[in-house]
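S.K.: Throughout, this note's numbering is defined as the position within the sequence shown, counted from one, plus 211. Mind having a look at this structure? Questions to follow.
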Amino acid sequence: MSSQAMTRRNFLGTTAATSAALAQSATPNETIERARKVALDILKPSQRDLDHGLELHANSIVFDAYGFAPRAAIDGDAMRKAMEAGASDIELQDMREDMTMTRAAVDSAEHAEFLQAWKASGVTCIFQNCGEEGNDPLVLLKRLARFTCLTDSIQDILRRAVFPEDVRQAKQNGVGCLYFSGNGVPLTQAWVSVEDELRYVRVFYQLGIRMMHVTYNRRNRLGDGCAEPANGGLSDFGRAAVDELNRVGVIVDVAHSGWQTSLEAAQRSSKPMVASHSTCGALYEHMRSKPDNVIRAIADTGGYIGICCISRFLRHSGDITALLDHIDHVVKKFGPDHAAIGTDVAYQSRNAARERAKLPARQKGRTRWAALWPPDNFKTTGRMIQSIAWTNWPLFTVGLVQRGHSDAVIQKIIGQNVLRVLEANRVG
């Protein structure tokens with residue numbers, strides 16, 4: 212049977228995980244199906260490659276090197292009432308985040324959406340973004356609290372992982388899990404001493420954080436972010452922060468750091484460190500990419516670069532083919548031990564548009580400080596986005612099979628490399 216002739220029944224019948232996921236609701240999930248059809252149309256795998264890739268995916272530990280659990284829809288009625296009562300923008304933002312991150316634990320429709328998307332992805336664990344972009348401990352605590360609440364509330368399908376063996380156990384038990392990443396190094400910002408500033412690194416480690424960004428897009432006290440034109444590198448304090456992350460057992464992540472900052476962090480780190488969700492600058496030079504010399508420095512620590520599913524960072528076709536091209540570049544130039552997939556995308560509940568429609572129109576606000584995205588006229592298409600949708604994870608594995616990678620290499624890329632780096636950073 213040709214790949215062009217594949218039907219939904221043929222494809223879904225190949226993987227028990229997908230069939231089980233779709234069985235969770237009375238009707239098929241058209242969002243998941245549409246994304247799969249787009250990716251299959253681009254890949255055009257033989258039936259042999261499709262079957263082998265799906266079986267390999269189902270039997271492997273699949274670890275998203277940086278991503279997001281499926282996002283719930285907001286409660287539009289509750290949000291509208293808060294707006295009518297005069298809630299501030301900050302309060303509304305907190306409500307929106309809380310709802311999208313935790314409603315799968317309290318709302319039956321959102322629980323079903325969450326479970327269906329997770330099962331369809333075949334993912335074992337996500338290195339979950341559990342911190343806003345910055346260094347304020349109180350701000351960083353909010354998302355950490357929400358995902359702790361989520362994993363505490365639905366342990367029958369999702370658990371919190373703090374050690375690699377938790378991921379392996381989750382796979383054996385047929386449940387998903389989250390490893391926690393913070394989007395910044397928590398700082399007291401009192402500047403009494405280096406030791407005082409960095410004492411919350413261990414506190415957040417004790418709360419379950421296992422990876423931290425050195426910077427986000429802007430410059431901070433540690434170094435220059437990826438959008439800073441100066442590209443000034445790691446500061447003296449940044450070097451002390453890398454030392455402390457190594458000492459405590461937190462992975463150093465330079466995904467949003469400038470190229471010089473990334474290079475100097477790799478040169479400083481005594482443990483394997485990462486760019487958890489990035490791309491290869493040799494294929495397309497973007498501020499969120501890493502040039503080969505930086506990837507080499509990361510690889511020399513024993514770390515990896517996680518290739519993300521953002522079309523404007525991948526460029527060229529911007530679709531699943533481009534994703535595979537970037538992975539291939541890492542494997543061929545730096546070796547299979549240094550490639551991973553950090554999607555940086557999430558499945559969005561199909562109820563989201565309906566709930567948002569309940570809200571009154573609001574005036575457009577200013578661009579938030581942390582964003583700092585330079586103008587970019589790249590036109591992303593729905594076809595690009597659908598082909599690298601988070602629920603298409605099984606087809607990422609199929610694509611790697613098509614590219615001729617061995618099963619052992621593919622298993623490194625889709626999960627084992629992340630586990631290896633976690634083991635290498637473990638303390639005690």
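Cβ atoms here follow ideal geometry from the backbone N, Cα and C, with glycine treated the same way.
Might you give, ordered along the chain, the residues of its own chain that have their beta carbon closer than 7 Å to the beta carbon of residue 236, omitting 5 neighbours on each side?
M.R.: Numbered from 1 along the sequence shown, position 25 holds the residue referred to as residue 236. In this prediction, residue 236 scores a pLDDT of 39, lower than 50, which makes its location untrustworthy; the coordinate-derived value is nonetheless stated afterwards. Once the five neighbours on either side are set aside, the close Cβ partners of residue 236 are 323 and 327.
S.K.: Could you check if residue 407 is buried or exposed, using at least 16 other CB atoms within 10 Å of its CB as the buried criterion?
M.R.: Along the sequence shown, one-based indexing puts residue 407 at 196. Label assigned to residue 407: exposed.
S.K.: From the DSSP output, in three-state form, read off residue 424 for me.
M.R.: Position 213 of the sequence shown, counting from 1, holds the residue named residue 424. Here residue 424 sits in strand by DSSP.
S.K.: Locate the alpha helix (DSSP H) running through residue 621, then write down its first and last residues.
M.R.: The residue given as residue 621 occupies position 410 in the sequence shown. Residue 621 -> alpha helix (DSSP H) spans 618-622.
S.K.: Mapping DSSP to helix, strand and coil, what is residue 340?
M.R.: Along the sequence shown, one-based indexing puts residue 340 at 129. Three-state DSSP puts residue 340 in a strand.
S.K.: Pairing CB atoms from the segment 599-610 with CB atoms from the segment 422-433, are three or more of them under 8 Å?
M.R.: Because the criterion of three Cβ pairs below 8 Å is not met, the segment 599-610 and the segment 422-433 do not touch.
S.K.: Do residue 409 and the ligand MG come close, with the Cβ less than 8 Å from some heavy atom?
M.R.: Among the components of this structure there are no ligands whatsoever, and the ligand MG is therefore not found.
S.K.: Quick one: grab the DSSP three-state call for residue 253.
M.R.: Indexing the sequence shown from 1 puts residue 253 at position 42. Residue state, collapsed to three classes: helix.
S.K.: With a threshold of 6 Å on Cβ separation, who are the neighbours of residue 264 within its own chain once the five nearest residues in sequence on each side are excluded?
M.R.: As a working note, residue 264 is residue 53 in the sequence shown. Contacts found: 608, 609 and 612.
S.K.: Tell me whether residue 500 sits in a helix, a strand or coil according to DSSP, three-state version.
M.R.: Along the sequence shown, one-based indexing puts residue 500 at 289. It is a strand residue.
S.K.: Could you compute how far the alpha carbon of residue 212 sits from the alpha carbon of residue 414?
M.R.: Here residue 212 refers to the residue found at position 1 when the sequence shown is read from its first residue. Here residue 414 refers to the residue found at position 203 when the sequence shown is read from its first residue. Residue placement at residue 212 is poorly supported in this model, since its pLDDT is 32, which falls under 50; the coordinates still yield a value, given next. Straight-line Cα distance between these residues: approximately 56 Å.
S.K.: Just the C-alpha distance for residue 508 and residue 277, rounded to the nearest angstrom, thanks.
M.R.: As a working note, residue 508 is residue 297 in the sequence shown. As a working note, residue 277 is residue 66 in the sequence shown. Cα to Cα, the separation comes out at about 20 Å.
S.K.: From the DSSP secondary-structure annotation, give me the bridge partner or partners of residue 550.
M.R.: Your numbering for residue 550 matches position 339 in the sequence shown. Beta-bridge pairing links residue 550 to 516.
S.K.: Take residue 271 and list the residues in its own chain whose beta-carbon comes closer than 7 Å to its own, dropping the five residues that flank it on each side.
M.R.: Within the sequence shown, the letter at position 60 stands for residue 271. So the qualifying residues of the chain are 622, 625 and 626.
S.K.: What residue ranges within the segment 299-373 form continuous beta strand (DSSP E) runs of no fewer than 3 residues, ordered along the chain?
M.R.: Fully enclosed beta strand (DSSP E) runs of 3 or longer: 336-340 and 369-371.
S.K.: Out of 590, 634 and 569, point me to the one whose CA is closest to residue 284's CA.
M.R.: One-based indexing of the sequence shown puts residue 284 at position 73. That would be 569, whose Cα lies nearest to the Cα of residue 284.
S.K.: By the three-class DSSP mapping on this structure, what secondary structure does residue 537 have?
M.R.: Here the question's residue 537 lines up with position 326 in the sequence shown. In this structure, residue 537 counts as helix in the three-state DSSP scheme.
S.K.: Would you tell me roughly how many angstroms separate the C-alpha atoms of residue 585 and residue 367, rounded to the nearest one?
M.R.: As a position in the sequence shown, residue 585 is number 374, starting the count at 1. As a position in the sequence shown, residue 367 is number 156, starting the count at 1. Cα-Cα distance, rounded: 43 Å.
S.K.: Identify the continuous beta strand (DSSP E) that holds residue 485 and give its terminal residues.
M.R.: Start at 1 with the first residue of the sequence shown, and residue 485 comes out as number 274. Residues 485-491.
S.K.: I'd like the ranges of any alpha helix (DSSP H) spanning at least 4 consecutive residues and lying wholly in the segment 555-608.
M.R.: Counting whole runs of 4 or more residues, the segment 555-608 contains the alpha helix (DSSP H) stretches 563-567 and 593-598.
S.K.: In chain order, what residues of the same chain lie with their CB nearer than 6 Å to the CB of residue 620, ignoring the 5 residues before and after it?
M.R.: As a first step, residue 620 must be located in the sequence shown, where it is residue number 409. Around residue 620: 547.
S.K.: To test your reading of the DSSP string, which unbroken alpha helix (DSSP H) runs of 4 or more residues are found completely within the segment 384-421?
M.R.: Listed in chain order, they are 405-409 and 411-417.
S.K.: Which whole-angstrom value describes the C-beta separation of residue 432 and residue 446, a residue pair presumed to lie in contact below a C-beta threshold of 8 Å?
M.R.: Within the sequence shown, the letter at position 221 stands for residue 432. Within the sequence shown, the letter at position 235 stands for residue 446. That belief holds up - the Cβ atoms of residue 432 and residue 446 are roughly 6 Å apart, short of 8 Å.
S.K.: Look at the Cβ atom of residue 550, then the Cβ atom of residue 541, and state whether they are nearer than 9 Å.
M.R.: Stepping through the sequence shown from its first residue, residue 550 is reached at position 339. Stepping through the sequence shown from its first residue, residue 541 is reached at position 330. Yes, these two residues count as a Cβ contact at 9 Å.
S.K.: What residues in its chain sit with their C-beta under 6 Å from that of residue 232, if we drop five residues either side in the sequence?
M.R.: Walking along the sequence shown from the start, residue 232 turns up at place 21. Low local confidence applies: a pLDDT of 37 at residue 232 is under 50, so the model's placement there is unreliable, and no value is given.
S.K.: Using the rule of at least 16 other Cβ atoms within 10 Å of the residue's Cβ for burial, across every protein chain shown, is residue 409 buried or exposed?
M.R.: In the sequence shown, the residue the question calls residue 409 occupies position 198. It counts as buried.
S.K.: Can you pull the DSSP bridge partners for residue 462?
M.R.: Position 251 of the sequence shown, counting from 1, holds the residue named residue 462. Note: residue 462 sits in a beta bridge opposite 422.
S.K.: Take the Cβ of residue 259 as the centre, count every other Cβ of all protein chains shown within 10 Å, and call the residue buried at 16 or more, exposed below.
M.R.: Against the sequence shown, residue 259 aligns to sequence position 48. Burial call: exposed.
S.K.: Can you pull the DSSP bridge partners for residue 448?
M.R.: Position 237 of the sequence shown, counting from 1, holds the residue named residue 448. Its beta-bridge partners do not exist; DSSP assigns none.
S.K.: With DSSP collapsed to three states, give me the class of residue 280.
M.R.: If you number the sequence shown from 1, residue 280 lands on position 69. Coil at residue 280, not helix or strand.
S.K.: For residue 528, which residues does DSSP report across the bridge?
M.R.: By 1-based counting over the sequence shown, the position of residue 528 is 317. Partner(s): none; residue 528 has no beta bridge.
S.K.: State buried or exposed for residue 567, treating a residue as buried only when at least 16 other CB atoms are found within 10 Å of its CB.
M.R.: Sequence index remark: in the sequence shown, residue 567 carries index 356 (1-based). Flag for residue 567 reads exposed.
S.K.: My guess is that residue 522 and residue 591 are in contact by the Cβ rule of under 8 Å, so how many angstroms apart are they, rounded?
M.R.: Numbered from 1 along the sequence shown, position 311 holds the residue referred to as residue 522. Numbered from 1 along the sequence shown, position 380 holds the residue referred to as residue 591. Residue 522 to residue 591, Cβ: 5 Å. Contact.
S.K.: In chain order, what residues of the same chain lie with their CB nearer than 8 Å to the CB of residue 637, ignoring the 5 residues before and after it?
M.R.: Here residue 637 corresponds to residue number 426 of the sequence shown, with the count starting at 1. Cβ neighbours of residue 637 beyond the five flanking positions: 374, 375 and 460.
S.K.: Find out if the Cβ-Cβ distance for the pair residue 421, residue 448 is shorter than 9 Å.
M.R.: As a position in the sequence shown, residue 421 is number 210, starting the count at 1. As a position in the sequence shown, residue 448 is number 237, starting the count at 1. Taking 9 Å as the Cβ cut-off, residue 421 and residue 448 do not qualify as a contacting pair.
S.K.: Give the single residue among 442, 535, 481 and 450 whose Cα lies nearest to the Cα of residue 491.
M.R.: To locate residue 491, count along the sequence shown from 1; it is residue 280. The candidate whose alpha carbon is nearest that of residue 491 is 535.
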